[in-house]
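Report on one structure; see the data block that follows.
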Amino acid sequence: MVGPALCMITITLVGCDSTTIIVLLVLCLMLSGAIFGGGLINNIDLSPNFAGTINAISTMLISIFSILGPSMTGALTNGNQTRSAWSKVFYMTAAISGIPYIIFFLFGSVEEQPWNRPKQAVTLEVTKRKEDD
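Read in our numbering, the sequence shown has 123 at position 123, and its numbers run on one by one without any break.
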């Protein structure tokens, strides 16, 4: 999501050129769509046994930001429809979408995690052997 974040930052720099802004928004959405092939499948790479749970938690967090987004935009631009106010919205969007991917790039992994395979209890069965007379 670094590409979409860069598009959002670039929107703040182009002024009121509506054609360029529309092109950047379309490019932003295209780049956002490109992550689904690799970014969302990472849950299965990290933990095949818990991929559903990880996906549910991820989707919940995404939904929270999706719900809060319009409220934050309204709070920043209500009665203040200026380029400065909208620049704050685009910078906030860039940060929310770009920072997690930078953190993942620096510290993340696509290797199966050790907690994916919980340790199982080992049971031993002892049988008594009959002695030959």
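Every residue gets a Cβ at the ideal spot worked out from N, C-alpha and C, and that includes glycine.
Cβ-Cβ distances below 8 Å link T10 to L24 in the same chain, with the five nearest sequence neighbours on each side left out; the list follows chain order.
Taking all protein chains shown into account, S71 has fewer than 16 neighbouring C-beta atoms within 10 Å of its C-beta and is therefore exposed. DSSP places N80 in the coil class of the three-state scheme, outside both helix and strand. For C7, the enclosing alpha helix (DSSP H) has its first and last residue at 2-13. Under the three-pair Cβ rule at 8 Å, the stretch 42-62 counts as touching the stretch 109-116. A straight line joining the alpha-carbon of F65 with that of S97 spans about 10 Å.
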